[in-house]
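Peer 1:
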Amino acid sequence: MSRRPTMESLNCVICLDRFMIPVTIPCGHTFCHKCITIHWDTKSKSQIGPQCPICNEKFATRPVLKRNVSMSCQRGAGG
Ligand SMILES: [Zn+2]
Ligand SMILES: [Zn+2]
778 MSRRPTMESL
788 NCVICLDRFM
798 IPVTIPCGHT
808 FCHKCITIHW
818 DTKSKSQIGP
828 QCPICNEKFA
838 TRPVLKRNVS
848 MSCQRGAGG
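First residue of the sequence shown? That's 778 in the numbering used here, and the numbers climb one at a time after it.
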């Protein structure tokens with residue numbers, strides 16, 4: 778039996794649904810690509826910079842959103 782690490786939730790905290798296109802930001806939290814983009818677009822209207830909605834870690838610039846392949850259906854080798 779193999780246990781997957783750190784899979785507490787497979788749901789996005791923004792839309793409360795399963796990840797469409799999961800992306801992981803530098804703090805390690807994962808969101809839908811669409812959700813976090815909209816979230817930061819909304820925030821960018823205020824003076825608050827991009828930050829994680831879960832742990833509130835702030836980023837100087839909007840992080841590049843990399844697709845989280847490990848959370849997709851496929852199990853890829855390497856990475
Ligand atoms: Zn979402
Ligand atoms: Zn975070």
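We treat Cβ as the ideally placed atom computed from N, Cα and C, and that holds for glycine.
Check whether the Cβ atoms of Cys809 and Cys832 sit closer than 8 Å, and answer yes or no.
Peer 2: Cβ distance not < 8 Å, so Cys809 and Cys832 don't count as in contact.
Peer 1: For Trp817, which residues from the same chain have a beta carbon less than 7 Å from its beta carbon, with the 5 sequence-adjacent residues on both sides left out?
Peer 2: Apart from the 5 residues on each side of it in sequence, Trp817 sits with its Cβ closer than 7 Å to the Cβ of Pro827 and Arg839 in its chain, given in chain order.
Peer 1: Which class does Cys809 belong to by DSSP, given the choice of helix, strand or coil?
Peer 2: Three-state DSSP puts Cys809 in a strand.
Peer 1: Measure the Cβ-Cβ separation of Ile791 and Pro830 and say whether it is below 8 Å.
Peer 2: yes
Peer 1: At a cut-off of 7 Å, would you count Ile743 as near ligand 1, judging by its Cβ distance to the nearest heavy atom?
Peer 2: Past the boundaries of the shown model lies residue 743; the chain is included only from 778 to 856, so the question cannot be answered.
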